[in-house]
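Asks:
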Amino acid sequence: MATHPKGTRARVLLTSVFGPYAQDDEFGSRALNPMELYQNQVTRAQGPFSLRMFHRSWGIMMIQANISAPCTLLDFPTRERFARELTAHHYDIVGISSIIVNFGKVKEMCRMVRELSPQSTIVVGGHVAALPGLENMIDADHIVRGEGISWMRCYLGEDEGAPVHHPAIVSAMGTRMMGVRLPDSPDSTAATIIPSVGCPMGCNFCTTSAFFGGKGKFFNFYETGDELFDVMSGIESQLGSTSFFMMDENFLLHRPRAMRLLERMKEAKKSWALSVFASANAIRKYTMQELVELGISWLWMGLESPRSQYTKLQGADTLQLTRELREHGIRVLGSTIVGLEHHTPDNIAGEIEYAISHGTDFHQFMLYTPVPGTPLYQEIKEQGRLLENIDWADIHGQDKFNFRHAAISRDDSKRFLDWAFWRDFERNGPSVYRICQTMLQGWRRYKDYPDARVRERFHREMKKLGTGYNAALWTMEREFARINREVSQQIRALRREVEKEFGVVSRLASNLIGPVLLYTTRREARRLAAGKTYEPPTIVERSNWAEA
Ligand code: B12
Ligand code: SF4
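Residues in the sequence shown are numbered from 9 upward in steps of one, following our numbering.
1) Short check: CB of residue 259 to CB of residue 284, under 7 Å?
2) For residue 39, does the count of other Cβ atoms within 10 angstroms reach 16, so buried, or fall short, so exposed?
3) Any heavy atom of the ligand B12 closer than 6 Å to the beta-carbon of residue 552?
4) Considering just the uninterrupted stretch of the alpha helix (DSSP H) at residue 505, what are its terminal residues?
5) At what residues does the alpha helix (DSSP H) containing residue 356 begin and finish?
6) Which residues have a Cβ closer than 6 Å to any heavy atom of the ligand SF4, listed in chain order?
7) Should residue 297 be counted as a contact of the ligand B12 given a C-beta to heavy atom distance under 6 Å?
8) Between which two residues does the alpha helix (DSSP H) harbouring residue 460 extend?
9) When the distance is taken between beta carbons, is residue 339 closer than 7 Å to residue 308?
10) Which term fits residue 5, buried or exposed, when burial requires 16 or more other beta carbons within 10 angstroms of its beta carbon?
11) Take the Cβ of residue 441 as the centre, count every other Cβ of all protein chains shown within 10 Å, and call the residue buried at 16 or more, exposed below.
12) If contacts are defined as beta-carbon pairs under 8 Å, then residue 100 and residue 128 qualify, I think. What distance do you get, rounded to the angstrom?
13) If you draw a straight line from the alpha carbon of residue 278 to that of residue 66, how long is it in whole angstroms?
14) Is residue 312 helix, strand or coil by DSSP?
15) Is it right to say residue 552 is buried, meaning 16 or more other beta carbons lie within 10 angstroms of its own, or is it exposed?
16) Output the distance between the C-alpha atoms of residue 134 and residue 234, rounded to the nearest integer angstrom.
17) Kindly list the residues whose CB is nearer than 7 Å to the CB of residue 179, restricted to its own chain and excluding five residues on each side of it in sequence; keep chain order.
18) For the region 294-306 and the region 327-337, state whether three or more C-beta atom pairs, one from each stretch, are separated by less than 8 Å.
19) Can you list, in chain order, the residues of its chain whose CB lies under 7 Å from that of residue 14, leaving out five sequence neighbours each side?
20) Tell me whether residue 65 counts as near the ligand B12, meaning its Cβ is closer than 6 Å to at least one heavy atom of that ligand.
21) Measuring alpha carbon to alpha carbon, tell me which of 524, 208, 97, 136 ends up nearest residue 114.
22) Is the region 362-378 touching the region 407-419, taking contact as three or more C-beta pairs under 8 Å?
23) Using DSSP with H/G/I as helix, E/B as strand and the rest coil, what is residue 139?
24) How would you call residue 300, buried or exposed, if buried means at least 16 neighbouring beta carbons within 10 angstroms?
25) Helix, strand or coil: how does DSSP classify residue 291 here?
26) With residue 108 as the anchor, note down where its alpha helix (DSSP H) starts and where it stops.
27) What separation, rounded to the nearest whole angstrom, lies between the Cα atoms of residue 511 and residue 546?
28) Sorry if obvious, but does the Cβ on residue 105 come closer than 6 Å to a heavy atom of the ligand B12?
29) State the DSSP-derived secondary structure class of residue 424, mapped to helix, strand or coil.
30) In three-state terms, what does DSSP make of residue 152?
31) Just to check, is the beta-carbon of residue 72 closer than 6 Å to a non-hydrogen atom of the ligand B12?
32) For residue 306, is the beta carbon positioned less than 6 Å from some heavy atom of the ligand B12?
33) So, with DSSP's three-state summary, where would you put residue 553?
34) Taking DSSP as the reference, what is the three-state secondary structure of residue 563?
35) May I ask you to check if the CB of residue 312 is nearer than 6 Å to at least one heavy atom of the ligand B12?
36) Check whether the Cβ of residue 159 sits closer than 6 Å to any heavy atom of the ligand B12, and report yes or no.
Structural data, given as structure tokens:
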């Protein structure tokens with residue numbers, strides 16, 4: 009590839025696509041598809057109990073931290089703010105990061121760059137690049153498929169193989185629950201660590217795996233547990249975080265790396281908490297003790313379907329595994345696919361009930377969706393089953409099928425999906441209640457554990473359970489009685505257990521803070537019913553910067 013003529017003197021703008029996001033518009037924003045993880049695809053039926061938060065655009069943050077050219081990062085701009093940035097400064101390169109649903113915005117942003125900053129070279133990266141024929145659909149100079157740090161370094165004439173510097177990233181911002189805005193401080197929010205991109209398991213529907221090479225392939229930024237430990241220690245001293253969100257598609261799959269990390273954590277007496285994504289077959293490579301000592305406190309696991317043939321599930325009894333993980337204080341987010349090939353109107357409710365019977369702390373449901381770049385997309389396309397004329401903005405697994413299913417119609421796909429979310433909420437209660445259950449189980453099992461690092465972690469969590477969370481239980485018990493009386497009684501029983509464990513402090517918390525939370529929860533429910541939505545703030549960060 010030819011490098012940019014100015015090399016590292018080129019002025020670079022890296023940007024995410026423009027908002028507002030939680031509304032229907034001609035550029036592909038959708039009210040159904042806000043810039044939020046839990047509200048979007050996990051707790052969306054839980055009303056004011058839904059966990060609401062925003063995550064920064066980590067891909068471009070990683071690129072910015074690894075180039076020495078003067079660079080501006082614009083996260084969540086409005087269209088007007090993007091235009092202003094293009095005209096207020098001279099940019100040689102404008103890099104736009106996007107996923108497929110936001111194709112319409114990328115197209116518009118390329119048009120705006122040509123009009124407002126005609127000297128700029130336009131580079132488009134991220135998952136949108138998996139769209140077949142994108143070159144002919146937008147006016148860009150480079151479309152980058154796969155890993156972007158090495159591409160950008162190469163384009164600027166830098167050493168593409170140099171070690172990857174990890175920026176200090178606070179994993180979430182604007183967190184909100186039960187109508188209360190929680191602080192963004194790093195000591196209460198995890199730091200994001202990105203050890204790798206891609207996943208070698210190569211499940212046929214998986215876009216992240218496909219985008220970084222598919223089956224057997226992935227891209228490690230940090231190969232060893234030692235490297236990872238150093239990165240995490242550095243970020244701990246920068247941000248003060250003791251909790252880390254490991255943004256790696258299958259963190260536990262790389263056992264030697266994880267076990268070396270554990271050794272280093274033990275040597276340095278680190279009482280860290282780790283939130284990870286992992287497949288059932290990878291989790292099974294560890295004993296519960298190893299997971300707990302490694303600090304695994306939150307785990308995102310694909311359950312998909314009891315009849316699916318995915319390698320990652322082979323031989324795993326996911327019901328038992330989930331129960332066991334929760335008994336050891338590990339919160340589980342289960343993920344289930346709705347509308348697999350074998351689903352029919354007759355068996356789908358049973359499969360959803362089965363998924364829900366796992367009683368995970370959180371449950372994500374997604375429609376089976378062929379997305380460009382994946383083996384599944386190719387297969388469905390060759391079978392002539394892809395539906396034509398569906399806007400890219402609506403192909404994301406939270407609306408309706410984008411293909412002809414043998415037994416389920418498009419409209420029914422949405423009905424089953426919505427029902428799955430609702431049924432999980434109705435049968436298992438709010439996720440906040442479920443995490444309190446898991447925390448208490450973990451505390452009881454590990455409060456006297458010989459390893460002080462582990463005890464310290466559970467003690468940290470317990471401070472929250474004995475106070476704020478207990479007040480939340482008090483509120484949920486009252487609010488949930490209208491939805492499911494039996495679950496409301498279970499919430500009450502849990503609150504009593506917490507109060508037995510933590511005594512007067514927790515009783516005071518529920519009596520004093522509980523009524524306040526009841527008020528904020530009801531107020532939030534009214535706001536949501538009136539159409540209230542949330543948008544992330546625009547963030548501008550400049551590096552190696554001097555005004556031109
Ligand atoms: C965090 C995240 C989010 C955040 C978004 C935060 C944000 N600021 O955009 C939230 C939770 C809001 C979110 C929402 C959604 N997401 Co999302 N999300 C992710 C997740 C988990 C991590 C992304 C990440 O940071 N990865 C780590 C970084 C380092 O990797 P990366 O972003 O791919 O970047 C690398 C390259 O792609 C490239 N690159 C990226 N940008 C650029 C730009 C340039 C110029 C260049 C050269 C290179 C480049 O370089 C980077 C380093 O190698 C991914 C899954 C995953 N593991 O990646 C899904 C993922 C990106 N999301 C996805 C989807 C479908 C969605 C939703 C539509 C889900 C839904 N239906 O509810 C919504 C859309 C919301 C919206 N309105 O836009 C899909 C995208 C599929 C596709 N093919 O487009 C993914 C891949 C998940 C999946 N496997 O299906 N998401
Ligand atoms: S295990 Fe998960 S991340 Fe890996 S390919 Fe399968 S679905 Fe994708």
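Beta carbons: idealized from backbone N, C-alpha and C, even for Gly.
Replies: Let's see:
1) For the purposes of this step, residue 259 is taken as the residue at position 251 of the sequence shown. For the purposes of this step, residue 284 is taken as the residue at position 276 of the sequence shown. The answer is yes: Cβ separation under 7 Å.
2) Here residue 39 is taken as the residue at index 31 of the sequence shown, counted from 1. Counting Cβ neighbours within 10 Å, residue 39 comes out exposed, since fewer than 16 surround it.
3) Locating residue 552 in the sequence shown gives position 544, where the first residue counts as 1. Not so, every heavy atom of the ligand B12 lies at least 6 Å from the Cβ.
4) What you label residue 505 is simply residue 497 of the sequence shown in a count that begins at 1. From DSSP, the alpha helix (DSSP H) with residue 505 extends over 493-537.
5) Walking along the sequence shown from the start, residue 356 turns up at place 348. 356-364 is the extent of the alpha helix (DSSP H) around residue 356.
6) 207, 209, 210, 211, 214, 216, 217, 257, 258, 287, 310, 320
7) Numbered from its first residue, the sequence shown carries residue 297 at position 289. No - the ligand B12 has no heavy atom lying nearer than 6 Å to the Cβ of residue 297.
8) Locating residue 460 in the sequence shown gives position 452, counting from the first residue. Unbroken alpha helix (DSSP H) run through residue 460: 460-472.
9) Taking the sequence shown and counting its residues from 1, the one referred to as residue 308 is at position 300. Taking the sequence shown and counting its residues from 1, the one referred to as residue 339 is at position 331. It is not a contact, given that the beta carbons lie outside the stated cut-off.
10) This structure gives no information on residue 5, because the portion of the chain shown stretches from 9 to 556.
11) Along the sequence shown, one-based indexing puts residue 441 at 433. Buried.
12) The residue given as residue 100 occupies position 92 in the sequence shown. The residue given as residue 128 occupies position 120 in the sequence shown. So it is a contact: roughly 6 Å between Cβ atoms.
13) Translated into positions along the sequence shown, residue 278 becomes position 270. Translated into positions along the sequence shown, residue 66 becomes position 58. Rounded to the nearest angstrom, the two C-alpha atoms are 25 Å apart.
14) Translated into positions along the sequence shown, residue 312 becomes position 304. Note: residue 312 maps to strand in three-state DSSP.
15) Looking up residue 552 in the sequence shown gives position 544. Under this definition residue 552 is an exposed residue.
16) As a working note, residue 134 is residue 126 in the sequence shown. As a working note, residue 234 is residue 226 in the sequence shown. Taking the straight line joining both Cα atoms gives about 29 Å.
17) Here residue 179 is taken as the residue at index 171 of the sequence shown, counted from 1. Excluding positions up to five away in sequence, the list reads 63, 197, 198, 199, 200, 253.
18) yes
19) Here residue 14 is taken as the residue at index 6 of the sequence shown, counted from 1. Within the same chain, residue 14 has close Cβ partners 100.
20) Position 57 of the sequence shown, counted from the start, is the residue given in the question as residue 65. Yes.
21) Position 106 of the sequence shown, counted from the first residue, corresponds to residue 114. Per the Cα distances, 136.
22) Enough Cβ pairs lie closer than 8 Å, so yes.
23) Here residue 139 refers to the residue found at position 131 when the sequence shown is read from its first residue. In this structure, residue 139 counts as coil in the three-state DSSP scheme.
24) In the sequence shown, the residue the question calls residue 300 occupies position 292. Answer is buried; the Cβ neighbour count reaches 16.
25) Indexing the sequence shown from 1 puts residue 291 at position 283. In the structure shown, residue 291 sits in a helix (DSSP, three-state: H, G or I).
26) For the purposes of this step, residue 108 is identified with residue 100 of the sequence shown, where counting begins at 1. That residue, residue 108, is in no alpha helix (DSSP H); it is neither H nor E in DSSP.
27) Taking the first residue of the sequence shown as position 1, residue 511 is located at position 503. Taking the first residue of the sequence shown as position 1, residue 546 is located at position 538. Roughly 44 Å between the two C-alpha positions.
28) Start at 1 with the first residue of the sequence shown, and residue 105 comes out as number 97. Yes, the Cβ of residue 105 comes within 6 Å of a heavy atom of the ligand B12.
29) Indexing the sequence shown from 1 puts residue 424 at position 416. DSSP places residue 424 in helix when its eight states are reduced to three.
30) Along the sequence shown, one-based indexing puts residue 152 at 144. Shown here, residue 152 sits in coil according to DSSP, grouped into three states, outside any helix or strand.
31) Reading the sequence shown from its first residue, position 64 is the one you call residue 72. Residue 72 Cβ: outside cutoff for every heavy atom of the ligand B12.
32) One-based indexing of the sequence shown puts residue 306 at position 298. Outside the cutoff, so no.
33) In the sequence shown, residue 553 corresponds to position 545, counting from 1. Reduced to three states, the DSSP call for residue 553 is coil.
34) The requested residue 563 does not occur in the structure, where the chain is confined to residues 9 to 556.
35) Here residue 312 refers to the residue found at position 304 when the sequence shown is read from its first residue. The answer is no for residue 312.
36) Indexing the sequence shown from 1 puts residue 159 at position 151. Checking the Cβ of residue 159 against the ligand B12 gives yes.
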